[in-house]
Structure formats: C-alpha cells, structure tokens
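Since the structure comes first, as structure tokens, the remarks are kept for the end.
2 protein chains.
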Amino acid sequence: MKIGELSQATGTNVETIRYYERIALLPKPGRTGSNYRDYAPGHVERLNFIRHARGLGFDIADIRSLLDLGGDPERDCGEVDRIAGGHLAAVERKIAQLELLRKELRHMLARCEGGQIADCRILEALGDRARPAAAG
Amino acid sequence: MKIGELSQATGTNVETIRYYERIALLPKPGRTGSNYRDYAPGHVERLNFIRHARGLGFDIADIRSLLDLGGDPERDCGEVDRIAGGHLAAVERKIAQLELLRKELRHMLARCEGGQIADCRILEALGDRARPAAAG
DNA sequence: TATGAACCCTGTAGTCGCTACAGGGTCAAG
DNA sequence: CTTGACCCTGTAGCGACTACAGGGTTCATA
Numbered sequence: 001m002k003i004g005e006l007s008q009a010t011g012t013n014v015e016t017i018r019y020y021e022r023i024a025l026l027p028k029p030g031r032t033g034s035n036y037r038d039y040a041p042g043h044v045e046r047l048n049f050i051r052h053a054r055g056l057g058f059d060i061a062d063i064r065s066l067l068d069l070g071g072d073p074e075r076d077c078g079e080v081d082r083i084a085g086g087h088l089a090a091v092e093r094k095i096a097q098l099e100l101l102r103k104e105l106r107h108m109l110a111r112c113e114g115g116q117i118a119d120c121r122i123l124e125a126l127g128d129r130a131r132p133a134a135a136g
Numbered sequence: 137m138k139i140g141e142l143s144q145a146t147g148t149n150v151e152t153i154r155y156y157e158r159i160a161l162l163p164k165p166g167r168t169g170s171n172y173r174d175y176a177p178g179h180v181e182r183l184n185f186i187r188h189a190r191g192l193g194f195d196i197a198d199i200r201s202l203l204d205l206g207g208d209p210e211r212d213c214g215e216v217d218r219i220a221g222g223h224l225a226a227v228e229r230k231i232a233q234l235e236l237l238r239k240e241l242r243h244m245l246a247r248c249e250g251g252q253i254a255d256c257r258i259l260e261a262l263g264d265r266a267r268p269a270a271a272g
C-alpha cells in the first residue's frame, strides 16, 4: 500500500503521515524497489487510532502513551483511564473558560449602539482593564 | 519607565513585550543613554488593551485592526462590531465542538470497567474509527 | 574600589502539530 | 517520448510566545 492509498484509507494528509513517521508515532514502513513507502494493514489500524484520538484532542504525547499501553494487553487499564480522564478534565476547563469569554464578548457587543469609534463601547471595554465587562 | 516596570504594570512577560515590539504591535519606545527601552504612559495603555484583547482570545491580526480603528475616532463603529462579532461566533463554534468532544470522552470513560488492557473499552473506542462513541 | 545581584540588551532557536514548498525521481497511458 | 500523477528528501513557515546564550549596565554593599 502506497502512501497515497493510506492517505485515502484514513483521511490523513500525505504530509501528515510522513510527519508521524518522522516523529516515530507511526513505524517506518517497508520500501518498494523504487524507494516508495509500502504500508501494511497494521499501519492503517494504527493511523486510524491516531487520527481518532487527535480528533478527540489528545496530544501526541498522550497518544504515544496510549499506543504503548495498547501493546501490553495484560497490564491494568488504570493508566489509560487516567490519561482519558485527564484529557476530559482539560476539555471541561477549556469549555468553562470559553464560556466566560463568550459571556464577556456578548456583554461587550450588547453595549454597542453603533455610531462613531470615539463612543465605541467595545473598544472602551477592551481598553479598560481594571473593569472588564464580565465583572460588571 | 523601563521594560521591567512596564512588565509589572501590565502583568506581561518581558520577553512578550519585546516580541510585541518586534512584530510592531507595540510601538518602539525611546531609549536611555545606556540603550534601555524607555516607555511612556501611552505604552501602558496600549499594552493593557492588547493583553485584555488577547485574554479574550482575539488574535493579533484582529488586535492590530482594533488598534488601528481606535486611532480613527470619527470612523463608524461597524468594523469593530464585525470583528468582535466574528470572534464571538468563533468562540461559540469552539464551545460547541468541545461539548461534542466532552460527550464522547465521557461516554468512553463511562464504559471503562477497569481490568486489563486487553479488555479496555477506551482503547477499543479509540481504535474503532467506523463507530465513534459519540454516534452510539 | 571591587564585587555581586539584578536588571537590561541582541539574536536565535525551541514549542506544537502540522502544512507547504523546492527540486528532484518513478511510472503508466497515449 | 512526453505528459501528468504520483512519490522522494529536506527545509522553512505558521501563531504566539518562551527560553536561552552571551554580553552590557546599574546600584548597593564590603
């Protein structure tokens, strides 16, 4: 299987696949006589795992750990749970933070009554660090 | 005012201040005889604006536009409104996306019953691209 | 006067996860 | 025999910083 086919099969950019190889996230495949990468079904599986985890926002260090753990079937599931739980917590923190931003942005926008820059409540709110809109 | 004082006054890393100068977001200050940067009150105000806007997640291109607009007091407020509104929409999209991730992660974690890696539902869910947990 | 700490300077490289070239080689079809 | 689609390596770019290395300055203290 050539890199273009792996790309098609997994919906992954060719450059991204080569990048994953470079950082040793995806093992080096064999090569054809003309030096083309030659992938096996295991590569498809692993790359699907990686792309799904990336889609869920896991960073590459976490994915590396998850893949390592997956290669050790007798080991306890706790570490996997810890990584996924840690990531969920991070996502929840991020959501909470963005909800605060949303509130402040909505507040700012609600105060805008059009008119001239000189009277712009949005610029005023941005400049006024001592009294951010979310607190008022 | 030296860079360390500006840093204190605005809660901004010294390296970040120099970075803002390099990308011409913060105007070059005067220099003392010993070549130290010498900031004026206007710099404090501008940097406060920048930091507040960055805290709200505006990117530097947007902040540049907002600062430019602020320098033109007779101009209509519409462009400012458009930038802030666009950013609010982006924040809302991001929240929606993270809420989906949260759902899928919670689902994955809920299925974990401990035990061995070989039976790990989390790794199974991650590997199973055809049927992501959020859809089931 | 010497010394040491705390500050300041420039310039460059690293972070993360890709993405986008430049400059070439390979292969199948017409 | 040429065209075009694919493949290769290597390097540089993105955004928004952050972290040095390797030096200069200032000020208080001994």
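If you read the protein sequences in the order shown, they are chains U and X. According to the working numbering, the first sequence is numbered sequentially starting from 1. According to the working numbering, the second sequence is numbered sequentially starting from 137. Where is the CB? At the ideal position from N, CA and C, for every residue including glycine. The structure presented is a predicted model; accordingly, all values stated were derived computationally and were not measured.
On the DSSP letters alone, give me the boundaries of the alpha helix (DSSP H) that residue i sits inside.
{"i": "G86 of chain U", "result": "78 to 111"}
{"i": "G140 of chain X", "result": "139 to 146"}
{"i": "F185 of chain X", "result": "177 to 191"}
{"i": "L259 of chain X", "result": "257 to 263"}
{"i": "H74 of chain U", "result": "Contrary to the premise, residue 74 of chain U reads as Glu rather than His in this sequence. Counting along the chain, E74 of chain U falls outside any alpha helix (DSSP H), and DSSP gives it neither H nor E."}
{"i": "T16 of chain U", "result": "14 to 22"}
Return yes when the Cβ of residue j is within less than 9 Å of the Cβ of residue i, no when it is not.
{"i": "L126 of chain U", "j": "A189 of chain X", "result": "yes"}
{"i": "D212 of chain X", "j": "G114 of chain U", "result": "yes"}
{"i": "G206 of chain X", "j": "F185 of chain X", "result": "yes"}
{"i": "P27 of chain U", "j": "R46 of chain U", "result": "yes"}
{"i": "C248 of chain X", "j": "V91 of chain U", "result": "no"}
{"i": "A96 of chain U", "j": "L241 of chain X", "result": "no"}
{"i": "L98 of chain U", "j": "L234 of chain X", "result": "yes"}
Can you pull the chain X neighbours of residue i, defined as C-beta to C-beta under 9 Å?
{"i": "Q116 of chain U", "result": "P209, E210, R211, D212, C213"}
{"i": "L88 of chain U", "result": "L237, R238, L241, R242, M244, L245"}
Quick one: what's got a C-beta closer than 8 Å to residue i's C-beta in the same chain, skipping five residues either side?
{"i": "G147 of chain X", "result": "R187"}
{"i": "L123 of chain U", "result": "I117"}
{"i": "L56 of chain U", "result": "H87"}
{"i": "A176 of chain X", "result": "M137, P165, G166"}
{"i": "S201 of chain X", "result": "E215, I219"}
{"i": "H137 of chain U", "result": "Chain U is shown from 1 up to 136; residue 137 of chain U falls before or after that span and cannot be answered."}
{"i": "C256 of chain X", "result": "C248"}
Near residue i, what residues of its chain come up, given a Cβ to Cβ distance below 7 Å and the 5 sequence neighbours on each side ignored?
{"i": "S143 of chain X", "result": "N149, V150, I153"}
{"i": "E21 of chain U", "result": "K28"}
{"i": "G136 of chain U", "result": "Residue confidence for G136 of chain U is low, a pLDDT of 30 falling below 50, so the modelled location carries little weight and cannot support an answer."}
{"i": "T168 of chain X", "result": "D174"}
{"i": "Y19 of chain U", "result": "none"}
{"i": "D62 of chain U", "result": "I83, H87"}
{"i": "A130 of chain U", "result": "Any answer about A130 of chain U is weak, because its pLDDT of 45 lies below 50 and its placement is not dependable; what the coordinates show is given next. Nothing listed; no residue qualifies."}
Which residues in chain X sit within 7 Å of residue i, going by Cβ to Cβ distance?
{"i": "I196 of chain U", "result": "Given that chain U is displayed from residue 1 to residue 136, the structure contains no residue 196 of chain U and the question cannot be resolved."}
{"i": "A53 of chain U", "result": "L262"}
So with CB distances below 8 Å, who are the chain U contacts of residue i?
{"i": "E141 of chain X", "result": "Correct list: empty, because the minimum Cβ distance to chain U is about 16 Å."}
{"i": "L192 of chain X", "result": "L101, E104, L105, L126"}
If you drop the 5 nearest sequence neighbours on each side, which residues of the same chain put their C-beta closer than 6 Å to that of residue i?
{"i": "R37 of chain U", "result": "I3, P29"}
{"i": "N35 of chain U", "result": "none"}
{"i": "I159 of chain X", "result": "none"}
{"i": "R229 of chain X", "result": "none"}
Taking Cβ-Cβ distances shorter than 7 Å, what residues in chain U pair up with residue i?
{"i": "A220 of chain X", "result": "L105, M108, L109, I122"}
Give the interface partners of residue i over in chain X, defined as CB-CB distance under 8 Å, in chain order.
{"i": "E45 of chain U", "result": "G263"}
**Message:** Can you pull out the residues from the segment 64 to 82 of chain U whose beta carbon lies closer than 8 Å to at least one beta carbon of chain X?
**Reply:** L66, L69, G70, D72, P73, E74, R75, D76, C77, G78, V80, D81
**Asked** In chain order, what residues of the segment 91 to 115 of chain U put their CB closer than 7 Å to some CB of chain X?
**Response** V91, E92, K94, I95, L98, E99, L101, R102, E104, L105, R106, M108, L109, C112, G114, G115
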